[in-house]
Structures are given as structure tokens and as C-alpha cells.
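Undergrad:
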Amino acid sequence: MFHFLGIGAQKSATTWLFEQLNTHPEIHFPNGKEQHFWNHQPDDAAIARYLNQFTHPTQREGEITPAYAFLPPAIITQIYQIAPHLRLFYLIRNPIDRAWSAALMALNRAEMTITEASDQWFIDHFHSQGSLLRGDYELALRHWQSIFPPEQLLLLRYECVVQEPRALLIRLAHHLAIDAEHFITLPAAQLHRKSFSGNGAPLRPTLRRVLETLYRPRITALDDYLGYPTGW
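Numbering of the sequence shown is given in my numbering, commencing with residue 18 and proceeding in unit increments.
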């Protein structure tokens with residue numbers, strides 16, 4: 018049964034989360050982690066084929082695609098119409114750190130070393146529409162929570178993956194209505210295993226100023242929307 022959808026965010030430990038969930042006997046990912054099915058508005062026949070993969074009678078089934086965070090309301094409405102019961106979760110990270118990590122990933126894909134990339138190369142990446150959308154958590158929350166009941170979307174923090182991964186997984190287990198005992202008994206080595214991590218290059222001070230200018234107003238706006246400080 019189509020039960021859950023992870024909607025993001027990119028470079029916020031979604032691969033780690035997928036791997037942890039995939040160890041749970043009540044969870045099933047029929048087509049792996051990222052399907053990107055909803056990236057383009059599908060027709061009825063395509064939706065029927067998509068839903069037909071979620072057929073297990075007892076397991077909670079779903080997928081995690083970070084690009085879903087910035088889907089337009091029209092597509093979110095389509096998702097709600099076929100699965101109004103969906104449990105959603107959104108794993109977010111300090112948008113300054115997220116943007117830097119994403120830029121490093123793009124650098125690697127371009128087969129460049131960090132010494133080959135100028136500040137301007139990074140600045141252009143930071144200002145790209147894709148990067149800015151992926152760091153606009155408030156907009157994503159507004160879109161999804163205007164269509165799905167807010168209580169169906171669980172907001173998770175990257176910091177918890179680093180500092181208290183077991184507590185994060187237990188919280189998610191309750192949200193998905195699966196047995197939390199599985200995560201209580203997972204070995205610590207499993208919980209702290211890194212997945213698809215970047216090269217860890219430090220953020221250049223010149224670039225931090227650029228990212229602070231870009232994201233400080235968004236962080237303030239997100240704090241206001243959530244009603245509590247994120248501490249970023």
C-alpha cells in the first residue's frame with residue numbers, strides 16, 4: 018500500500034534515511050529510493066502504473082525523492098487526490114551548509130577539483146534556480162501543508178542525524194505507524210554509518226558571506242513560519 022513519501026531535501030542525509038528505513042521489516046521501497054515520478058505532471062495511465070507497484074498487503078510502501086520538496090501545488094494536489102492518507106516527511110539542513118554541499122557535488126559531477134573552481138563558479142551555482150529552490154524550506158512547507166493536513170508532514174533535522182539518529186528514527190517510526198523497537202535495537206555502528214557523504218571541503222570565507230546574504234532572510238522567515246528558532 019502506498020503509505021509514505023519522503024520529499025527532501027537534497028544533501029540532507031536522505032540516502033542515510035532510506036538505508037535505515039530499508040532495514041525495517043514493515044517498510045518496503047518497491048523501486049528503490051528515488052523514482053522522480055512526480056517531477057513532471059503525469060497522466061492517469063502513468064499514475065495507475067505508479068500505484069500498481071505499491072501492492073504489498075501489510076508493508077508500508079513508498080519512496081524518497083528530494084526533488085519533491087519544490088513540486089508545484091498542482092502536482093501536490095494530484096498526489097493528494099490519489100493518496101490523501103499519505104504520511105510525509107521532510108529532512109532539512111542548514112541551507113547554507115546544504116548549498117555548499119550541493120555545489121561540491123556538482124563540482125564532482127563536472128569532473129573538476131576544488132582548486133579549479135573559482136569563487137564565481139560557486140556563486141553562479143548558489144544563484145541557480147535549482148539550488149535556491151532546494152533551500153527554500155518555507156515555500157516547500159507552505160505548498161505541501163496547504164494541500165495535505167499539516168499533521169501528516171513530519172519535519173526532521175539533519176543535525177539530529179548527526180547527534181541523535183536513534184531518536185530521529187524512533188520519531189519517524191511513530192509518524193509512519195511502524196514498530197519503533199526495530200530502531201531501538203539497531204547497533205550504534207549502523208546508525209552512524211555515513212551514506213553518500215561529500216568530500217568535507219571547508220566553506221571558503223568569501224563564499225560564506227555570499228551564502229549568508231542569500232539565506233539569512235530565508236532562515237528568519239522560516240523561523241517565523243515555524244514559530245520557533247531553527248538555530249541556524
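Just so you know, even glycine gets a beta-carbon here, dropped at the ideal spot from N, CA and C.
Quantities reported herein were computed from a predicted structural model and do not represent experimental measurements.
Tell me whether the stretch 221 to 237 and the stretch 150 to 166 touch, counting them as touching only if at least three CB pairs, one residue from each stretch, are closer than 8 Å.
TA: Yes: the two stretches touch, three or more of their Cβ pairs being nearer than 8 Å.
Undergrad: Which value, in whole angstroms, describes the spacing of the CA atoms of HIS142 and ASP136?
TA: Distance between the alpha carbons of HIS142 and ASP136 is about 10 Å.
Undergrad: Is PRO23 helix, strand or coil by DSSP?
TA: According to the sequence shown, residue 23 is Gly rather than Pro. In this structure, GLY23 counts as strand in the three-state DSSP scheme.
Undergrad: Out of curiosity, what's the CA-to-CA distance linking TYR85 and LEU150?
TA: Cα to Cα, the separation comes out at about 11 Å.
Undergrad: Find out if the Cβ-Cβ distance for the pair SER148, ALA116 is shorter than 8 Å.
TA: A contact, by the Cβ cut-off of 8 Å.
Undergrad: Report all residues from its chain with a CB closer than 6 Å to the CB of PHE54; omit the five preceding and five following residues, and keep chain order.
TA: Correct list, in chain order: TYR67.
Undergrad: So is SER212 buried or exposed if we call it buried at 16+ other beta carbons inside 10 Å?
TA: Classification of SER212: exposed, given that the 10 Å Cβ count is below 16.
Undergrad: By a C-beta neighbour count over all protein chains shown, 10 Å radius and 16 as the cutoff for buried, is THR31 buried or exposed?
TA: It counts as buried.
Undergrad: Just to confirm the assignment, what range does the beta strand (DSSP E) spanning TYR97 have?
TA: Here TYR97 belongs to no beta strand (DSSP E); instead the alpha helix (DSSP H) covers 90 to 99.
Undergrad: From the DSSP output, read off the bridge partner residues of PHE106.
TA: Answer is GLY23, LEU171, bridged to PHE106.
Undergrad: For HIS41, which residues of its own chain have a beta-carbon under 7 Å away from its beta-carbon, when the five flanking residues on both sides are left out?
TA: Hits under 7 Å: ILE195, HIS199.
Undergrad: Within its chain, find whatever has a CB closer than 7 Å to the CB of TRP249; leave out the 5 residues flanking it on each side and keep chain order.
TA: Hits under 7 Å: ASN111, ILE236.
Undergrad: Going along the chain, which residues of its own chain have a beta-carbon closer than 6 Å to the beta-carbon of LYS28, five neighbours each way excluded?
TA: Cβ neighbours of LYS28 beyond the five flanking positions: ARG115, SER118, ALA119.
Undergrad: Which word fits ALA75, buried or exposed, when buried means at least 16 other C-beta atoms lie within 10 angstroms of its C-beta?
TA: Sequence inspection shows Thr at residue 75; the Ala mentioned does not correspond to that position. Classification of THR75: exposed, given that the 10 Å Cβ count is below 16.
Undergrad: Can you round the beta-carbon distance between GLU80 and LEU22 to whole angstroms, since I take them to be within the 8 Å contact cut?
TA: Yes, they are in contact, since the Cβ atoms of GLU80 and LEU22 sit about 7 Å apart, within 8 Å.
Undergrad: Let's see if you can read the secondary structure: which residues bound the beta strand (DSSP E) around ARG226?
TA: It is not in any beta strand (DSSP E) - ARG226 instead sits in the alpha helix (DSSP H) that spans 222 to 243.
Undergrad: Mind checking GLY152: buried by the 16 CB within 10 Å criterion, or exposed?
TA: The residue is buried, with at least 16 neighbouring Cβ atoms inside 10 Å.
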